[in-house]
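One structure is given below, encoded as structure tokens.
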Amino acid sequence: MVSSTISAQDAKEISQKLTSLGLVMLDAPVSGGAAKAAAGEMTVMASGSKQAFDKLQPVLDAVAGQVYNIGEEIGLGATVKIIHQLLAGVHIAAGAEAMALAAKAGIPLDLMYDVVTNAAGNSWMFENRMKHVVEGDYSPLSMVDIL
């Protein structure tokens with residue numbers, strides 16, 4: 003089971019190498035962060051053969067709260083994860099811009115955060131990442147090179 007955030011092409015190449023060794027691969031990137039990983043509640047976007055899914059079901063049950071079977075073609079799981087990362091990055095960038103606009107307008111960031119997290123403009127990324135902005139913590143929480 004390959005759960006890294008990699009390209010579809012890389013997933014296919016890894017699968018070919020494993021197949022040549024008589025092994026099966028499940029292209030199974032994950033999302034959810036450290037807290038969900040520790041709780042065994044990751045979201046898994048997997049593609050691969052029925053044989054790979056069947057063989058790895060105990061592992062999936064241990065790590066995932068939700069498993070999406072994207073199809074049999076290796077690389078589809080990786081593609082869904084890349085699309086997901088695109089959306090996550092957009093949410094982070096839009097949230098940062100919104101908070102910068104609020105700061106420039108003199109709106110307290112804790113007030114802006116409270117409004118957004120209780121209204122239709124909220125997203126998980128805004129709620130999770132912009133909380134740190136309100137606290138003045140600008141430590142990176144995501145790997146930029148996977149976007």
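If you read the sequence shown in the numbering used here, its first letter stands for residue 3, the second for the next number, and so on. All C-beta atoms in this analysis are idealised placements derived from N, C-alpha and C, irrespective of residue type, glycine included.
Q: Examine the Cβ distances between the segment 44 to 60 and the segment 26 to 33 and report whether three or more of them are shorter than 8 Å.
A: yes
Q. Which residue or residues does DSSP assign as beta-bridge partners of Y70?
A. M47
Q: Give the DSSP bridge partners of S33, in chain order.
A: Residue pairing by DSSP places S33 opposite T45 in a beta bridge.
Q.
With distance defined between alpha-carbon atoms, name the residue in V135, I8 and L58 nearest to Q87.
A. Here the closest residue by C-alpha is I8.
Q. So, are the CB atoms of L113 and M101 less than 7 Å apart?
A. no
Q. I72 to P31, Cα distance in whole Å?
A. 11 Å
Q: Between the Cα of A104 and those of A80, M127 and V136, spot the shortest distance and give me the residue it belongs to.
A: V136
Q | 6 Å CB neighbourhood of Y70 in its chain, flanking five on each side removed | A | M47
Q: Write down every uninterrupted run of the beta strand (DSSP E) in the segment 54 to 98 whose length is 3 residues or greater and which is fully enclosed by it, in chain order.
A: 66 to 73
Q) Beta-carbon separation of S49 and G79 under 7 Å? A) yes
Q: Let me know the secondary structure DSSP gives V4 once reduced to three states.
A: Reduced to three states, the DSSP call for V4 is strand.
Q) What is the DSSP secondary structure of L28, reduced to helix, strand or coil? A) coil
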